[in-house]
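From first to last, the protein sequence lines are chains Y and G. Using the working numbering, you'd call the opening residue of the first sequence number 1 and step up by one each time. Using the working numbering, you'd call the opening residue of the second sequence number 249 and step up by one each time. For every residue, glycine included, the Cβ atom is placed at its ideal position computed from N, Cα and C.
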Amino acid sequence: MSETAGASQPILCVTNLMRDFGGVQALRGVNLNVMRGSITGLIGPNGSGKTTLFQVISGVDAGATGSITFDGEPILGKRPSKIYHRGLARTFQLSRVFPELTVLENLIVAGSRRDHRAHERALGLLERVHLNDYADVVGKNLSYGQQKLVEFLRVLMSEPALILLDEPAAGVNPTLRETLWDMVRHLNGLGTTFLIIEHNMEVIADLCSEVYVLSEGEILAHGDFATVRNDERVLEAYFGKSRKSSVA
Amino acid sequence: MLNNNRRRVSLGLGFGLMLIAMTAPLYMNAYYQSFLLQLFMMVALAQAWNLISGMTGYVSFGHTAFFGVGAYAGALLLLAGFPWWLAVFKGAGIALLLAVPLGFLTLRLRGPYFAIAMLGLNEVGRIIATLWVDLTRGGDGISLAPKLLPSLHSNYFSMLFLALSATLLVAFIHRRRFGLELRAIREDEEAAEMVGVNTTVNKVMAFMLSALIPGAAGAVYAMYTSYIDPSSVFAPALNIQMIVMVLFGGTGTVWGPILGAGIVMFLREMLWAQFPAAHLAALGVLLLIVVLYLPGGIISLFRARQQRARPDARTGAAP
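Structure, rendered in structure tokens:
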């Protein structure tokens with residue numbers, strides 16, 4: 001479990017967030033607070049709206065109503081680059097490295113224009129995950145796991161206060177996965193806040209101090225993992241009414 | 249080490265080409281000077297197209313609109329009594345100013361929608377030039393009296409200057425953070441925006457710079473030919489030539505448009521003399537072969553050679 005001392009103030013507040021796509025309600029009045037310095041999990045069955053929520057928070061999807069404040073500032077409707085420079089970064093469910101840019105360029109482009117040490121910092125990050133030999137390799141020539149790792153390192157270039165990770169370990173081999181989670185723990189120890197979508201419940205149980213469960217666009221339950229795991233509504237959402245008793 | 253060698257070769261080659269181009273009027277007759285002038289124009293135009301379409305991936309089918317605007321602005325300003333160099337300067341400025349609102353409007357579109365919008369823009373330019381008879385003399389075109397025109401040498405060196413400026417601009421941008429951001433937009437615009445790249449500002453900046461060069465080239469072209477009409481300067485075929493040359497040489501690179509313009513112009517001149525009826529078809533077949541078998545253009549042959557020379561040949565940075 002992550003260190004939660006001093007994590008009493010929310011860094012991200014999502015209030016009554018609604019998003020519909022031509023009559024299909026993807027988000028139905030979502031309320032969610034991410035505490036500063038925490039690692040918060042966001043779980044839910046496929047199609048429950050988790051990635052849509054990330055799209056809206058990060059500014060990619062500008063069609064939602066409600067309110068989102070990050071570090072006390074409203075960010076709903078702001079363009080993604082502005083939100084990023086305010087300190088909120090995200091990764092994608094499927095790797096989105098720039099395929100024809102080198103690994104080093106992939107990282108440098110994500111740093112601030114005013115950062116004159118971006119080159120050194122990018123090399124330092126690569127060294128930390130033993131990818132420094134790949135600095136000049138173009139993104140498309142990396143394995144999928146390496147691409148996911150580079151995408152994660154890329155968002156670290158701006159030293160964000162909050163990072164949204166969308167299934168960061170999906171398709172990643174166990175060794176790289178461990179490297180990734182170690183980095184998350186390390187950065188969290190230094191004060192970075194995380195909101196993570198993850199299907200591996202062991203990881204959620206191990207890393208997250210608080211967990212939100214999203215189902216059909218609504219927050220079904222939240223609390224620590226043990227509380228959420230035993231919530232009947234959660235079991236029902238995941239496994240259906242008929243099987244909930246046997247799984248619990 | 250290899251990068252240093254590559255830089256030295258590039259600089260040496262560039263210097264050699266410049267020396268030939270600068271001294272050519274001393275020993276070449278008017279025919280060859282005219283050929284080189286047109287080559288410089290195509291290098292400048294291809295580099296301009298490369299700047300927006302090669303580096304950001306926004307394929308423009310209407311960059312001749314800026315060429316046409318520059319040509320008309322240059323010709324009209326010359327008729328109004330401005331010295332030729334100031335008319336060129338102002339023609340480029342007008343094209344650049346026009347690119348600001350047009351960039352904000354059209355660069356919201358992506359892929360084929362942007363391409364079609366740009367094609368439409370060129371057509372709008374051609375129709376305005378045809379119908380606004382009081383200003384442009386419509387389909388009759390504008391003839392410029394010889395006494396107003398600069399000499400062939402002045403036109404020659406103006407086009408050379410434009411080709412050189414456009415190439416240096418692309419090379420400069422390629423090495424800067426701005427170029428990296430443009431390439432990130434080309435690779436994945438949404439992901440670029442997500443890592444802090446203000447994609448709108450970057451695209452419009454690139455669009456403005458890429459309009460400036462055709463604007464100036466259009467004005468010099470008007471003075472070189474001494475006659476323009478809507479169909480000659482708002483010609484979609486000219487835009488196709490820019491695209492062909494960049495594809496032929498190598499998209500998004502510094503040397504690609506120079507190589508493409510040089511080879512295509514040379515082949516066109518050779519084939520035109522030998523096969524006046526079929527030279528365009530022959531060029532089309534050649535382009536098809538290059539696109540099919542060398543999607544990175546002729547420049548990719550050199551790049552592949554350089555990579556073979558490296559023990560860990562895994563990179564793909566553009567030369």
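Self-check item: Through-space distance from F496(G) to E151(Y), alpha-carbon basis
Solution: Counted from its first residue, the first sequence places residue 151(Y) at position 151. Counted from its first residue, the second sequence places residue 496(G) at position 248. In this structure, the CA atom of E151(Y) is about 33 Å from the CA atom of F496(G).
Exercise. Answer with yes or no whether the minimum CB distance from H85(Y) to chain G is below 8 Å.
Key: In the first sequence, the residue the question calls residue 85(Y) occupies position 85. Under the Cβ criterion of 8 Å, H85(Y) is counted among the residues facing chain G.
Self-check item: Exposed unless 16 or more other CB atoms sit within 10 angstroms - verdict on A110(Y)
Solution: Your numbering for residue 110(Y) matches position 110 in the first sequence. The residue is buried, with at least 16 neighbouring Cβ atoms inside 10 Å.
Exercise. Assign Q55(Y) to one of two classes, buried (16 or more other C-beta atoms within 10 Å of its C-beta) or exposed (fewer than that).
Key: Within the first sequence, numbered from 1, the residue matching residue 55(Y) stands at position 55. It is buried - the Cβ of Q55(Y) has at least 16 other Cβ atoms within 10 Å.
Practice problem: Output the boundary residues of the alpha helix (DSSP H) element that contains R28(Y). | Solution: Position 28 of the first sequence holds residue 28(Y). Here R28(Y) belongs to no alpha helix (DSSP H); instead the beta strand (DSSP E) covers V24 to M35.
Quiz item: Going along chain G in order, which residues have a C-beta closer than 8 Å to the C-beta of L98(Y)?
Solution: On the first sequence, position 98 is the one that residue 98(Y) refers to. First, the residue type needs correcting, since residue 98(Y) is Phe and not Leu in the sequence shown. Here the neighbours are R431, A432, E435, D436, A439 and A440.
Quiz item: Rounded to the nearest angstrom, how far is the Cβ of G339(G) from that of A467(G), given a contact under 8 Å?
Solution: Locating residue 339(G) in the second sequence gives position 91, where the first residue counts as 1. Locating residue 467(G) in the second sequence gives position 219, where the first residue counts as 1. At roughly 3 Å, the Cβ-Cβ gap stays under 8 Å, so G339(G) and A467(G) are in contact.
Quiz prompt | Collapsed DSSP secondary structure at Y472(G) in the structure displayed | solution = Along the second sequence, read from residue 1 onward, the residue named residue 472(G) stands at position 224. Y472(G): helix per DSSP, three-state reduction.
Quiz item: When you compare only the Cα positions, how much space is there between L235(Y) and Q93(Y)?
Solution: In the first sequence, counting from the first residue as 1, residue 235(Y) sits at position 235. In the first sequence, counting from the first residue as 1, residue 93(Y) sits at position 93. Their backbone Cα atoms lie some 24 Å apart in a straight line.
Quiz item: DSSP on L261(G), reduced to helix/strand/coil?
Solution: As a working mapping, residue 261(G) is identified with position 13 in the second sequence. In the structure shown, L261(G) adopts helical secondary structure according to DSSP, grouped into three states.
Self-check item: Sub-8 Å separation of L142(Y) and N132(Y) beta-carbons
Solution: Within the first sequence, residue 142(Y) is the residue found at index 142, counting from 1. Within the first sequence, residue 132(Y) is the residue found at index 132, counting from 1. No. Outside cutoff.
Practice problem: Going by CA-CA distance only, name the one from I43(Y), E120(Y), S8(Y) and S48(Y) that's closest to V24(Y). | Solution: Here residue 24(Y) corresponds to residue number 24 of the first sequence, with the count starting at 1. Among I43(Y), E120(Y), S8(Y) and S48(Y), the Cα nearest to that of V24(Y) is on S48(Y).
Self-check item: Best match in F194(Y), K78(Y), E73(Y) and A237(Y) for proximity to A62(Y) [C-alpha to C-alpha]
Solution: Locating residue 62(Y) in the first sequence gives position 62, counting from the first residue. Of F194(Y), K78(Y), E73(Y) and A237(Y), the smallest CA-CA separation from A62(Y) is found for K78(Y).
Quiz item: Between which two residues does the alpha helix (DSSP H) containing L412(G) stretch?
Solution: Within the second sequence, the letter at position 164 stands for residue 412(G). Element bounds for L412(G): L400 to R423.
Quiz item: Residues of chain Y with CB under 7 Å from N446(G), in chain order?
Solution: On the second sequence, position 198 is the one that residue 446(G) refers to. The answer, in chain order, is S81.
Self-check item: Strand pairing of V452(G), partner residues [DSSP]
Solution: Within the second sequence, residue 452(G) is the residue found at index 204, counting from 1. Note: V452(G) sits in no beta bridge, so no partner.
Quiz prompt | From N188(Y), E198(Y), L164(Y) and G189(Y), residue whose alpha carbon lies closest to that of V172(Y) | solution = Start at 1 with the first residue of the first sequence, and residue 172(Y) comes out as number 172. The candidate whose alpha carbon is nearest that of V172(Y) is E198(Y).
Quiz item: Does any C-beta atom of chain Y lie closer than 8 Å to the C-beta of R356(G)?
Solution: Here residue 356(G) refers to the residue found at position 108 of the second sequence. Put simply, the CB of R356(G) is far from chain Y, with every gap to its CB atoms at 8 Å or more.
Quiz item: So, is R358(G) buried or exposed, given that buried needs 16 or more other C-beta atoms within 10 angstroms?
Solution: As a first step, residue 358(G) is located in the second sequence; it is residue number 110 there, counting from the start. Taking all protein chains in view, the Cβ of R358(G) is surrounded by fewer than 16 other Cβ atoms within 10 Å, so the residue is classified as exposed.
Self-check item: CB contact below 8 Å: V443(G) versus chain Y
Solution: If you number the second sequence from 1, residue 443(G) lands on position 195. It does; some Cβ of chain Y falls within 8 Å.
Quiz item: Closer than 7 Å, Cβ to any Cβ of chain Y: which residues of the stretch 414-427 of chain G, in chain order?
Solution: Among the residues of the stretch 414-427 of chain G, those with a Cβ less than 7 Å away from any Cβ of chain Y are R425, in the order of the chain.
Practice problem: Go to S215(Y), then tell me how far its beta strand (DSSP E) extends in each direction, as first and last residue. | Solution: Locating residue 215(Y) in the first sequence gives position 215, counting from the first residue. First-last of the beta strand (DSSP E) with S215(Y): E210 to S215.
Quiz prompt | Those runs of the beta strand (DSSP E) which lie wholly inside the stretch 35-95 of chain Y and span at least 3 residues | solution = Qualifying beta strand (DSSP E) stretches, in chain order: 39-43, 65-70 and 88-90.
Practice problem: For E105(Y), I'd like the list of residues in its chain whose CB is within less than 8 Å of its CB, leaving aside the five on either flank, ordered along the chain. | Solution: Start at 1 with the first residue of the first sequence, and residue 105(Y) comes out as number 105. Cβ neighbours of E105(Y) beyond the five flanking positions: F98.
Quiz item: What do you get for K395(G), buried or exposed, if any count of 16 or more other CB atoms within 10 angstroms of its CB means buried?
Solution: As a working mapping, residue 395(G) is identified with position 147 in the second sequence. If you draw a 10 Å sphere on the C-beta of K395(G), you find fewer than 16 other C-beta atoms in it, and that means exposed.
Self-check item: Span of the beta strand (DSSP E), counted from its first residue to its last, around F21(Y)
Solution: On the first sequence, residue 21(Y) is found 21 positions in, with the first residue counted as 1. Element bounds for F21(Y): P10 to F21.
Quiz item: Taking C-beta to C-beta, are I342(G) and A319(G) nearer than 8 Å?
Solution: Numbered from 1 along the second sequence, position 94 holds the residue referred to as residue 342(G). Numbered from 1 along the second sequence, position 71 holds the residue referred to as residue 319(G). No, they are not a contact pair.
Quiz item: Rounded to a whole number of angstroms, what is the C-alpha to C-alpha distance between L367(G) and I375(G)?
Solution: Working through the second sequence from its first residue, we reach residue 367(G) at position 119. Working through the second sequence from its first residue, we reach residue 375(G) at position 127. Annotation: L367(G) to I375(G) spans about 13 Å, alpha carbon to alpha carbon.
Exercise. Find the residues of chain G that neighbour V109(Y), judging by a C-beta separation of less than 9 Å, and give them in chain order.
Key: As a working note, residue 109(Y) is residue 109 in the first sequence. Within 9 Å of the CB of V109(Y), the CB atoms of chain G belong to R425, L428, E429, R431, A432, A440, V443, G444 and V445, in sequence order along the chain.
Quiz item: Which value, in whole angstroms, describes the spacing of the CA atoms of V336(G) and V481(G)?
Solution: Here residue 336(G) is taken as the residue at index 88 of the second sequence, counted from 1. Here residue 481(G) is taken as the residue at index 233 of the second sequence, counted from 1. Answer to the nearest angstrom: the Cα atoms are 15 Å apart.
Quiz item: Roughly how many angstroms separate the alpha carbons of S95(Y) and A169(Y), rounded to a whole number?
Solution: As a first step, residue 95(Y) must be located in the first sequence, where it is residue number 95. As a first step, residue 169(Y) must be located in the first sequence, where it is residue number 169. Within the model, the alpha-carbon separation for S95(Y) versus A169(Y) is close to 11 Å.
Practice problem: To the nearest angstrom, report how far apart G386(G) and G373(G) are at their CA atoms. | Solution: Counting from one through the second sequence, the residue named residue 386(G) turns up at place 138. Counting from one through the second sequence, the residue named residue 373(G) turns up at place 125. Looking at the backbone, the Cα of G386(G) and that of G373(G) are separated by about 12 Å.
Self-check item: Exposure of P524(G), with buried meaning 16 or more beta-carbon neighbours within 10 Å
Solution: Start at 1 with the first residue of the second sequence, and residue 524(G) comes out as number 276. Exposed, since its Cβ has fewer than 16 Cβ neighbours within 10 Å.
Quiz prompt | C-beta contact flag for A64(Y) and L88(Y) at 8 Å | solution = Stepping through the first sequence from its first residue, residue 64(Y) is reached at position 64. Stepping through the first sequence from its first residue, residue 88(Y) is reached at position 88. It is not a contact, given that the beta carbons lie outside the stated cut-off.
Quiz item: Anyone know if the C-beta pair for Q522(G) and A414(G) falls short of 8 Å?
Solution: Within the second sequence, residue 522(G) is the residue found at index 274, counting from 1. Within the second sequence, residue 414(G) is the residue found at index 166, counting from 1. The Cβ-Cβ distance between Q522(G) and A414(G) does not fall below 8 Å.
Exercise. Please look up how many angstroms separate the CB atoms of L392(G) and A470(G), rounded, as I've assumed it's under 8 Å.
Key: Residue 392(G) sits at position 144 when you count from the first residue of the second sequence. Residue 470(G) sits at position 222 when you count from the first residue of the second sequence. That belief holds up - the Cβ atoms of L392(G) and A470(G) are roughly 7 Å apart, short of 8 Å.
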